[in-house]
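Numbering (the numbering used here), first residue to last: -19 to 176. Worksheet: one structure, shown below.
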Amino acid sequence: MSLFLDIGTGAGLAGATGVRPFLPPLLAGALARGDVGIDFDGTDWSFLESPVFLAAVVGLAVASYAVERSSAGAPEGRSSASLALAAVAAVLGALLFAGSLADGGYDSVIGLVAGPFCALLAWAAVSGVLDRARRRLDAGAAALLSVYADGVALLLAALAVLVPPVSFLALAGFAVLLLRGRGREGEKYAGLRILR
-19 MSLFLDIGTG
-9 AGLAGATGVR
1 PFLPPLLAGA
11 LARGDVGIDF
21 DGTDWSFLES
31 PVFLAAVVGL
41 AVASYAVERS
51 SAGAPEGRSS
61 ASLALAAVAA
71 VLGALLFAGS
81 LADGGYDSVI
91 GLVAGPFCAL
101 LAWAAVSGVL
111 DRARRRLDAG
121 AAALLSVYAD
131 GVALLLAALA
141 VLVPPVSFLA
151 LAGFAVLLLR
161 GRGREGEKYA
171 GLRILR
């Protein structure tokens, strides 16, 4: 049962980084420093709760915010920034998943493989939803989408640590979102072929 819960924690934290990459490691590090639901001390991943690592994540978040603001009007700039965020999310997801398994005394190598998968699944599902929403909204409302995504990432990370089985439901939800988004894209292109 402990392995199941540790996998849930790791998968949920990795998935949360796929939604938005910076708040989940900050929350996990803060909770680990207080030994609330997770603790990286005594593992090879203890740096995940170190002030230096957390400060580096904050620095990346500030830089990412600046890049997002500067590329807000340019679709190609937003696409490049989104791919860079996906790469950061995959790395952070791998670290958090591995750290969660190590916290339970399990081999962390599985987390290094499964973490990026969970993060990229969430990123692909959520970025598709956000892109479709941005196309429908005016600039002011579209700017709030990142704030909503940050809130979802933070909530999922908290639930992953405090109620790990919820993580499996979240990953299933990401898979459904991704499949439905792909289906809608296919319908759109089928409709365009009919119009020609």
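Every residue gets a Cβ at the ideal spot worked out from N, C-alpha and C, and that includes glycine.
If distances are taken between C-alpha atoms only, which option among 93, 144, 150 and 148 comes closest to residue 18?
For the purposes of this step, residue 18 is taken as residue 38 along the sequence shown, with counting starting at 1. Across the set 93, 144, 150 and 148, the C-alpha of 144 shows the shortest separation from the C-alpha of residue 18.
State the DSSP-derived secondary structure class of residue 90, mapped to helix, strand or coil.
Counting from 1 along the sequence shown, the entry for residue 90 is found at position 110. Residue 90: helix per DSSP, three-state reduction.
By the DSSP assignment, the alpha helix (DSSP H) with residue 228 in it spans what residues?
What is shown of the chain runs -19 to 176, which leaves residue 228 out entirely.
Measure the alpha-carbon distance for residue -4 versus residue 162 and round it to whole angstroms.
Within the sequence shown, the letter at position 16 stands for residue -4. Within the sequence shown, the letter at position 182 stands for residue 162. Approximately 21 Å, taken between the alpha carbons.
Between which residues of its own chain and residue -15 is the CB-CB distance below 8 Å, once the five residues before and five after are set aside?
Here residue -15 is taken as the residue at index 5 of the sequence shown, counted from 1. Once the five neighbours on either side are set aside, the close Cβ partners of residue -15 are 84, 144 and 145.
Can you tell me whether residue 88 is buried or exposed, with buried defined as 16 or more other CB within 10 angstroms of its CB?
Within the sequence shown, residue 88 is the residue found at index 108, counting from 1. Flag for residue 88 reads buried.
For residue 34 and residue 147, I'd like the C-alpha separation in whole angstroms.
Taking the sequence shown and counting its residues from 1, one reaches residue 34 at position 54. Taking the sequence shown and counting its residues from 1, one reaches residue 147 at position 167. Straight-line Cα distance between these residues: approximately 23 Å.
By Cβ distance, which residues of its chain are closer than 8 Å to residue 139, with the 5 residues on each side in sequence left out?
Here the question's residue 139 lines up with position 159 in the sequence shown. The answer, listed in chain order, is -8, 146, 147 and 150.
Indicate the three-state DSSP secondary structure (helix, strand or coil) for residue 84 in the structure shown.
Residue numbering aside, residue 84 sits at position 104 when the sequence shown is read from its first letter. The answer is coil: DSSP assigns residue 84 none of H, G, I, E or B.
Using 10 angstroms around the beta-carbon of residue 80, count the other beta-carbons present and answer buried if the total reaches 16, otherwise exposed.
The residue given as residue 80 occupies position 100 in the sequence shown. That one is buried.
Quick check: residue 37 and residue 5, are their CB atoms within less than 7 Å of each other?
On the sequence shown, residue 37 is found 57 positions in, with the first residue counted as 1. On the sequence shown, residue 5 is found 25 positions in, with the first residue counted as 1. Closer than 7 Å, so yes.
Is residue 118 helix, strand or coil by DSSP?
Taking the sequence shown and counting its residues from 1, one reaches residue 118 at position 138. In the structure shown, residue 118 falls within a coil segment according to DSSP collapsed to helix, strand and coil.
Below 7 Å between beta carbons: does that hold for residue 99 and residue -6?
For the purposes of this step, residue 99 is taken as residue 119 along the sequence shown, with counting starting at 1. For the purposes of this step, residue -6 is taken as residue 14 along the sequence shown, with counting starting at 1. Contact: yes.
Specify, as a first and last residue, the run of the alpha helix (DSSP H) that residue 139 falls within.
Within the sequence shown, residue 139 is the residue found at index 159, counting from 1. Looking at the DSSP string, the run of the alpha helix (DSSP H) that includes residue 139 is 125 to 142.
Taking only the alpha-carbon atoms, compute the straight-line gap between residue 141 and residue 134 and give it to the nearest angstrom.
Here residue 141 is taken as the residue at index 161 of the sequence shown, counted from 1. Here residue 134 is taken as the residue at index 154 of the sequence shown, counted from 1. Going by the C-alpha atoms only, they are around 11 Å apart.
Would you mind stating whether residue 12 and residue 29 have Cβ atoms separated by less than 7 Å?
Within the sequence shown, residue 12 is the residue found at index 32, counting from 1. Within the sequence shown, residue 29 is the residue found at index 49, counting from 1. Against a cut-off of 7 Å, the Cβ pair of residue 29 and residue 12 comes out as a contact.
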